[in-house]
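The sequence shown lines up with residues -23 to -1, 1 to 266 when you count with mature numbering (1 follows the signal peptide of the UniProt record, and there is no 0). Worksheet: one structure, shown below.
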Amino acid sequence: MFALRIIILITLIVPLNYKLCSCQCARAEYEIHKQCCPMCAPGNRVHWHCTDDTSTTCVPCPSLTFTDEPNGLTECFPCTVCDASRGLRVNKVCTRSSDTVCGPLERFYCIEKKKDCCTLAVQHSECSPGQYIKQAGTGSTDTVCAECTGDTYSNGSFSSCLPHTKCEALGFTETNPGTHSSDTKCGNPSTAVAIVASSIIVALIIILVIFFFIFKHIRKKKQSKSSGKCYSVIFSMRSIVVFFYNGIFYENSTINSGWVTFIIIHIHYILLHLNRFIIIINVDYSCAA
C-alpha cells in the first residue's frame, strides 16, 4: 500500500517538473506555443515563428515604426508624434531601432518626461514691468525675474534695470518722473535756456541797430577817425559776446549749450565780418580824402 502511494506521487510530480522546465526560455528567446524561439534584433519584428526545424524569421520594421530592444513581436511600435499643442518639437527623428525624441519648443520648458523624451512643455514666464530678467529660461527651467530697485527701470524685457534719464543734464525739463516700470519723460528746454536765448537775440538786434547808426555817421562825416571808433566799438562787442559765453554757458552744466554755442559762434562771425567791413570803409574813405 505504501509503495503504491509513492508510485502515484512520482507520477504526478514528474510531468509538473517537465512543464515548468519547458517554460524557462533563455534570455534571448521568447516562448510561443510552448516552444522557445530566438528573438529578433532591435529594428526588426517576427515574420514567422520558429519551428522544430527552422529558426525565427525576422523582417525590418516599416516606416514610422520601431523596436528598440530584442523582441518576439509580430508588429513594431508606432513612432511618437511631437505635438506642438503640447509645446513639443522633434529633437531626434524616429528610426527603425529608436523612437522619436521630443523636446520643448523655443521659449518653452519641459515639465513632464518619459525616459529622455519630453512629453509636455509650457511657455517661459514673462517678467512684468518693473522687473528684469535675472536668469533666462532654458529647455528645462523657467525664467527667473527680479525687481528693479533705486533710480532704475525695466519694461520686463531687459536683462538688467536701466538708470532713469536726467532731463536737466540734456537741457530739458522733467514732465513725468521715472518709475520702476518706465523712464523719465522730458519736455521743452528749461526756462533758463529760453531766457538766455532771448537775451542773445535782443543783443544781436541792438548790435545791428548800433552798427546802422555808426554806418550813417561814417557816411556823414567821411572821416577815418570816426571809422576807427566804429572798429573799436565792434571789437568791444565781440569781446563782450565771448566773455558772456565763457562766463555763463560754459560754467552752467544744467544748460544744453550745443545750440546756444551755435548762436554765439554766428554772432561772433557776424561781428568779425563787420570789423572787416569797417576796415574796408575806412580805407575807401581815406583814399577818397
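Just so it is clear, CB atoms sit at the ideal spot from N, CA and C, and this is done for glycine as well. Just so we're clear, the structure is a prediction, and the values are computed from it rather than from any experiment.
**OP:** Could you pull out every residue in the same chain whose Cβ sits closer than 7 Å to the Cβ of T42, ignoring the five residues on either side in sequence?
**Re:** The beta carbon of T42 sits closer than 7 Å to those of C53, F54, P55 and C56, all from its chain and outside the five residues before and after it, given in chain order.
Original post:
Could you give the distance in angstroms between the alpha-carbon of T72 and the alpha-carbon of S158?
Top reply: Each residue's alpha carbon lies about 50 Å from the other.
**OP:** Measure from the alpha carbon of S134 to the alpha carbon of each residue in D119, I110 and K92, then state which is nearest.
**Re:** Of the candidates D119, I110 and K92, the one whose C-alpha sits nearest the C-alpha of S134 is I110.
**OP:** Quick one: grab the DSSP three-state call for A146.
**Re:** The answer is helix: DSSP assigns A146 an H, G or I state.
Original post:
Exposed or buried, residue 286, counting other C-beta atoms within 10 Å across all chains shown (16 or more means buried)?
Top reply: Here the chain comprises residues numbered -23 to 266, so residue 286 is not present and cannot be evaluated.
**OP:** May I ask you to report which of helix, strand or coil DSSP gives A113?
**Re:** Secondary structure at A113: coil, using DSSP grouped into helix, strand and coil.
Original post:
Whose CA, out of I88, C95 and R84, lies closest to the CA of residue 272?
Top reply: Nothing in the structure corresponds to residue 272, since the chain is present only between -23 and 266.
**OP:** Given a cut-off of 8 Å, decide if T142 and D160 are closer than it, judged by their beta-carbon atoms.
**Re:** Contact annotation: D160 and T142 have beta-carbon atoms nearer than 8 Å.
Subject >> Same chain, Cβ closer than 8 Å to V58, five either side skipped, listed in chain order >> reply: Non-local beta-carbon contacts of V58 in its own chain, meaning distances under 8 Å to residues more than five positions away in sequence, involve T77 in chain order.
**OP:** Helix, strand or coil for V58, going by three-state DSSP, please let me know.
**Re:** DSSP places V58 in coil when its eight states are reduced to three.
Original post:
Is the segment 111 to 131 in contact with the segment 83 to 103, if contact means three or more CB pairs nearer than 8 Å?
Top reply: Contact holds: three or more Cβ-Cβ distances are below 8 Å.
Original post:
Contact check, L65 vs L82 under 8 Å by CB: the rounded distance?
Top reply: The Cβ separation is near 7 Å, so the contact holds.
Subject >> Residue burial classification, G148 (beta-carbon count within 10 angstroms, cutoff 16) >> reply: So G148 counts as buried.
Original post:
Do H24 and T31 have their C-beta atoms closer together than 8 Å?
Top reply: No, these two residues do not count as a Cβ contact at 8 Å.
Original post:
Among the residues of its own chain, which have a CB less than 7 Å from the CB of E6, if the five just before and after it don't count?
Top reply: Closer than 7 Å at the Cβ level, and outside the excluded window around E6, lie C13, C14, P15 and M16.
**OP:** Give the single residue among V99, S74 and T126 whose Cα lies nearest to the Cα of P106.
**Re:** Nearest to P106 by alpha-carbon distance, out of V99, S74 and T126, is T126.
Subject >> For K91, the first and last residue of its enclosing beta strand (DSSP E) >> reply: Looking at the DSSP string, the run of the beta strand (DSSP E) that includes K91 is F85 to K91.
**OP:** Less than 8 Å between the CB atoms is what I'm expecting for A18 and P47, so what's the real figure, rounded?
**Re:** Going by Cβ atoms, the distance from A18 to P47 rounds to 6 Å, so yes, they are a contact pair.
Subject >> Residue closest to C27, alpha-carbon to alpha-carbon, out of P39, T51 and Y130 >> reply: Nearest of P39, T51 and Y130 to C27, Cα basis: T51.
Original post:
Assuming S74 contacts D93 under a Cβ cut-off of 8 Å, what Cβ separation, rounded to an integer in Å, is found between them?
Top reply: No, S74 and D93 are not in contact; Cβ-Cβ is about 15 Å, not under 8 Å.
Original post:
Since Y130 and T152 are thought to touch, with beta carbons under 8 Å apart, how far apart are those beta carbons, to the nearest angstrom?
Top reply: T152 and Y130 do not touch by the CB rule: their CB atoms are close to 16 Å apart, not below 8 Å.
Original post:
Under the DSSP definition of a beta bridge, which residues are partnered with Q12?
Top reply: Secondary-structure assignment with DSSP links Q12 through a beta bridge to I9.
Subject >> Helix, strand or coil at F135 according to DSSP, with G and I counted as helix >> reply: Three-state DSSP puts F135 in coil, outside helix and strand.
Original post:
If you draw a straight line from the alpha carbon of I9 to that of S62, how long is it in whole angstroms?
Top reply: C-alpha separation (whole angstroms): 42 Å.
Subject >> Inter-residue spacing [alpha-carbon to alpha-carbon] between S136 and N165 >> reply: Each residue's alpha carbon lies about 31 Å from the other.
Subject >> Three-way DSSP call (helix, strand, coil) for R63 in this model >> reply: In this structure, R63 counts as helix in the three-state DSSP scheme.
Original post:
With 16 other CB atoms within 10 Å as the buried threshold, where does Q108 fall?
Top reply: With 16 or more Cβ atoms within 10 Å of its Cβ, Q108 is classed as buried.
Original post:
So who's on the other strand from L97, going by DSSP bridges?
Top reply: Partner residues in the beta bridge of L97, as assigned by DSSP, are E89.
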